[in-house]
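Worksheet: one structure, shown below.
Residue numbers (the numbering used here): 6 to 110.
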């Protein structure tokens with residue numbers, strides 16, 4: 006299980022939060038972007054691939070996607086539905102803020 010601290014530490018400092026915020030700000034659009042095979046389900050692997058597209062490298066995207074998936078899978082059924090994605094942008098934003106504040110300490 007990935008902790009918030011592990012996920013924040015894994016986030017790269019150079020990531021473009023504005024680009025991610027736009028994408029993660031619309032749950033329906035994000036769901037379509039993540040659901041590459043159109044099966045109506047989002048897995049941790051789908052989320053990891055999207056993070057890699059935004060510049061989060063392999064090992065870091067694995068840790069961050071595990072953490073975000075844990076936070077979003079509200080009913081713990083192993084998949085993310087559209088309604089679960091409403092908070093995805095806030096989770097990433099909080100991880101980046103935590104990363105920045107620990108870097109300045």
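Don't be surprised by glycine CBs; every beta carbon is placed ideally from N, CA and C.
Of the candidates 68, 91 and 69, the residue whose Cα lies closest to the Cα of residue 79 is 91. A check of alpha carbon separations from residue 73 across 55, 83 and 97 identifies 97 as the nearest. For residue 53, same chain residues with a beta-carbon under 7 Å away, outside a window of 5 residues either side, are 66, 67 and 70 in chain order.
Taking the CA atoms as reference points, residue 83 sits about 36 Å from residue 109. Closest option to residue 60, judged by alpha-carbon separation, among 45, 24 and 94: 24.
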